[in-house]
Structures are given as C-alpha cells and as structure tokens.
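K.L.:
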Amino acid sequence: MKRKSALIVTFIIITFSFSAYFYLSNSYKKIDIFTAKAFNKETNTPIISITDKWALIEISTIFKTSFKLSGNLNVVEPKYVLELNKLNNHTEIMYLWIDKSLTEGMYMYKSKTETGYSISEKNTLKLKKLLAKEQNNITEK
Numbered sequence: 018m019k020r021k022s023a024l025i026v027t028f029i030i031i032t033f034s035f036s037a038y039f040y041l042s043n044s045y046k047k048i049d050i051f052t053a054k055a056f057n058k059e060t061n062t063p064i065i066s067i068t069d070k071w072a073l074i075e076i077s078t079i080f081k082t083s084f085k086l087s088g089n090l091n092v093v094e095p096k097y098v099l100e101l102n103k104l105n106n107h108t109e110i111m112y113l114w115i116d117k118s119l120t121e122g123m124y125m126y127k128s129k130t131e132t133g134y135s136i137s138e139k140n141t142l143k144l145k146k147l148l149a150k151e152q153n154n155i156t157e158k
C-alpha cells in the first residue's frame, strides 16, 4: 500500500511539473505581428495583435521547442517582425520567416542576429494555423 501511494504521489508531482513548465511558463502578455520591410516594420500598425492566453502559450511553446541553427546565417528579409511584449514589461523584437510556400519556419532575435532557430514542420503548420485564426478573429470584429 505504501509503495502504491508513493508511486501515485510521484506521478502527480511529475505531471504537475510538466504542466507548470508548459502552461505557467508563458512569459508573454501580448505579441504584435507586423509585415517586414528591410528588417524593419513596414508600418507602425500590427497586422495581428495576440492577447489570447492559450494562443500565447502555444506560440511560446513553439518557440521554446525550436532548434538552434549553427554556423553563419545568410538570410533574406524576414516576412514578419514580431514585438514580444513580456510580462515583465520588457519588449523583445523577433524576425520571423514563415510563409505558405515554406514547410519549416525560422526566427531570430533582433538582439542576437548571429543565432537563428528552425521551427519544425509540425510546429510551423501549428503556427500558420494560429496566425490564420488570429487574423480571422481580427477581420470578424
């Protein structure tokens, strides 16, 4: 009986730890997405502004599970510029390469352009769907 109780408690702790990592570790309160032109925002008005908690968690998880790219990156202009508004009131700028024709996306932070991150094919598809959903939510309002 003691062994069974110990296993149950261990299982609950592990489950809670994973849940806390993925669901409570979201550090964004808002993400503004702008079209890019020459590594800058094309306009000062975002095409999408994401504030939905679950969408922010999903996007945060996608970025956290991306793969770091090694070597020097020679990239074309990004498709989007993202302003990541964090809970600590710090704003971070990110460049995002994602488009209908690409099966895998890529991003890099403006403050660390020597490092890029590859988004898996599965997560790129998730991100495209999230962005399309958010875009539809805006146009329906």
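So for the sequence shown, the working numbering puts the first residue at 18; every next one is plus one. Cβ atoms here follow ideal geometry from the backbone N, Cα and C, with glycine treated the same way.
1) By alpha-carbon positions, which one of 131, 130, 93 and 137 ends up nearest to residue 121?
2) Distance, Cα to Cα, residue 140 vs residue 77?
3) Are the beta-carbon atoms of residue 100 and residue 115 separated by less than 8 angstroms?
4) Tell me which residue opens and which closes the alpha helix (DSSP H) that residue 77 is part of.
5) Out of curiosity, what's the CA-to-CA distance linking residue 26 and residue 48?
6) Determine the contact status of residue 98 and residue 58, defining contact as a CB-CB distance below 8 angstroms.
7) Would you mind working out which of 50, 150 and 143 sits nearest residue 96, comparing C-alpha positions?
8) Report the three-state DSSP secondary structure of residue 109 (helix, strand or coil).
9) On the premise that residue 143 lies in contact with residue 64, defined as a C-beta separation below 8 angstroms, what is that separation, rounded to the nearest angstrom?
10) What number of angstroms, rounded off, separates the C-alpha of residue 88 from the C-alpha of residue 22?
P.N.:
By the coordinates alone:
1) 137
2) 11 angstroms
3) no
4) 70-81
5) 37 angstroms
6) yes
7) 50
8) strand
9) Actually they do not touch by this definition, with Cβ atoms about 19 angstroms apart.
10) 50 angstroms
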